[in-house]
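Structure record follows, encoded as structure tokens.
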Amino acid sequence: KQEVTQIPAALSVPEGENLVLNCSFTDSAIYNLQWFRQDPGKGLTSLLLIQSSQREQTSGRLNASLDKSSGRSTLYIAASQPGDSATYLCAVGLIQGAQKLVFGQGTRLTINP
Amino acid sequence: EPEVTQTPSHQVTQMGQEVILRCVPISNHLYFYWYRQILGQKVEFLVSFYNNEISEKSEIFDDQFSVERPDGSNFTLKIRSTKLEDSAMYFCASSEQGFGTQYFGPGTRLLVL
Numbered sequence: 037k038q039e040v041t042q043i044p045a046a047l048s049v050p051e052g053e054n055l056v057l058n059c060s061f062t063d064s065a066i067y068n069l070q071w072f073r074q075d076p077g078k079g080l081t082s083l084l085l086i087q088s089s090q091r092e093q094t095s096g097r098l099n100a101s102l103d104k105s106s107g108r109s110t111l112y113i114a115a116s117q118p119g120d121s122a123t124y125l126c127a128v129g130l131i132q133g134a135q136k137l138v139f140g141q142g143t144r145l146t147i148n149p
Numbered sequence: 124e125p126e127v128t129q130t131p132s133h134q135v136t137q138m139g140q141e142v143i144l145r146c147v148p149i150s151n152h153l154y155f156y157w158y159r160q161i162l163g164q165k166v167e168f169l170v171s172f173y174n175n176e177i178s179e180k181s182e183i184f185d186d187q188f189s190v191e192r193p194d195g196s197n198f199t200l201k202i203r204s205t206k207l208e209d210s211a212m213y214f215c216a217s218s219e220q221g222f223g224t225q226y227f228g229p230g231t232r233l234l235v236l
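Just so you know, the sequences run in chain order A and B.
Here the working numbering is used: the first residue of the first sequence is 37, the next is one more, and so on.
Here the working numbering is used: the first residue of the second sequence is 124, the next is one more, and so on.
Pasting the structure below:
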């Protein structure tokens, strides 16, 4: 059974810092991996999707990498801003059947002004 | 920008009552999903739906749950006889392709008393 783990559970950094969020998964048989942002009490906003054949994806200040063989993904946020404060979730898309996403617990990120 | 919408945003019901949660997926999307998030826990997959039938369902999605696409725009989740443990945030998602980016709605917070 696929398990997704995100470390750390919470992270607090000063504004302007570059930071890395980690995601690991137990089964490398994934189709893709998606990073989301969740604001308190709100829905999930898709940030980046990496296909299993890709190594990384970039969107603005965000860069996500994928190492399928080692079961790891990282989300790099450059020049962090207070508006980046949110919970960041990673989710792996499984190969079998229709695509269901298996989520990690998330990393709660706080950017201090 | 197209987005997934969900109604109601909040619903309070008595145990044993039926509830219907509604979703309007992005108009050109063909794949639809329901997930739920119990407070403080991971987002969990419930069911996926394509071509007017269920593609996959989780162990959570028992006979008390059903999904329907009653017309060309709505996608509903029905819980026939709610239990206390059904209290959660329910998210609808849609994707254009079966293994593409899933876009999530803002969620319906269900509270069963």
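Cβ coordinates follow ideal geometry from the N, Cα and C atoms, glycine included.
Return helix, strand or coil for residue i, following the three-state DSSP convention.
{"i": "GLU53 (chain A)", "result": "coil"}
{"i": "GLU182 (chain B)", "result": "coil"}
{"i": "GLU92 (chain A)", "result": "strand"}
{"i": "LEU207 (chain B)", "result": "helix"}
How would you call residue i, buried or exposed, if buried means at least 16 neighbouring beta carbons within 10 angstroms?
{"i": "ASN68 (chain A)", "result": "buried"}
{"i": "THR123 (chain A)", "result": "buried"}
{"i": "ILE113 (chain A)", "result": "buried"}
{"i": "GLU141 (chain B)", "result": "exposed"}
{"i": "GLN225 (chain B)", "result": "buried"}
{"i": "VAL138 (chain A)", "result": "buried"}
{"i": "THR205 (chain B)", "result": "buried"}
{"i": "GLU167 (chain B)", "result": "buried"}
{"i": "GLY52 (chain A)", "result": "exposed"}
{"i": "LYS37 (chain A)", "result": "exposed"}
{"i": "GLU229 (chain B)", "result": "In the sequence under discussion, the amino acid at residue 229 (chain B) is Pro, which differs from the Glu named in the question. PRO229 (chain B) is buried by the Cβ-count criterion."}
{"i": "ARG73 (chain A)", "result": "buried"}
{"i": "THR62 (chain A)", "result": "exposed"}
{"i": "GLY107 (chain A)", "result": "buried"}
Answer yes or no: does any C-beta atom of chain A fall closer than 9 angstroms to that of residue i?
{"i": "PRO229 (chain B)", "result": "yes"}
{"i": "SER171 (chain B)", "result": "yes"}
{"i": "THR130 (chain B)", "result": "no"}
{"i": "LYS165 (chain B)", "result": "yes"}
{"i": "ARG159 (chain B)", "result": "no"}
{"i": "ALA216 (chain B)", "result": "yes"}
{"i": "PHE198 (chain B)", "result": "no"}
{"i": "GLN140 (chain B)", "result": "no"}
Starting from residue i, follow the beta strand (DSSP E) in both directions and report where the run begins and ends.
{"i": "ARG192 (chain B)", "result": "From DSSP, ARG192 (chain B) is part of no beta strand (DSSP E); its letter is neither H nor E."}
{"i": "GLY129 (chain A)", "result": "122-130"}
{"i": "ASN99 (chain A)", "result": "98-103"}
{"i": "PHE172 (chain B)", "result": "166-173"}
{"i": "THR146 (chain A)", "result": "143-148"}
{"i": "ILE113 (chain A)", "result": "108-113"}
{"i": "HIS133 (chain B)", "result": "133-136"}
{"i": "VAL235 (chain B)", "result": "231-235"}
{"i": "THR62 (chain A)", "result": "No beta strand (DSSP E) contains THR62 (chain A), which DSSP labels as neither H nor E."}
{"i": "VAL127 (chain B)", "result": "From DSSP, VAL127 (chain B) is part of no beta strand (DSSP E); its letter is neither H nor E."}
{"i": "ILE86 (chain A)", "result": "80-87"}
{"i": "LEU153 (chain B)", "result": "That residue, LEU153 (chain B), is in no beta strand (DSSP E); it is neither H nor E in DSSP."}
{"i": "GLN42 (chain A)", "result": "40-43"}
Any C-beta of chain B sitting closer than 9 angstroms to the C-beta of residue i?
{"i": "LEU125 (chain A)", "result": "yes"}
{"i": "PHE139 (chain A)", "result": "yes"}
{"i": "SER109 (chain A)", "result": "no"}
{"i": "GLY96 (chain A)", "result": "no"}
For residue i, which of the options has the nearest alpha-carbon?
{"i": "GLY119 (chain A)", "options": "A:GLN38, A:GLN87, A:PRO76 and A:SER89", "result": "A:PRO76"}
{"i": "GLN70 (chain A)", "options": "A:LYS78, A:LEU55, A:PRO50 and A:SER95", "result": "A:SER95"}
{"i": "ARG192 (chain B)", "options": "B:GLU182, B:VAL147 and B:PHE222", "result": "B:VAL147"}
{"i": "LYS180 (chain B)", "options": "B:TYR158, B:THR130 and B:GLN220", "result": "B:TYR158"}
Does any C-beta atom of chain E lie closer than 9 angstroms to the C-beta of residue i?
{"i": "ARG232 (chain B)", "result": "No chain E appears in this structure, whose protein chains are A and B."}
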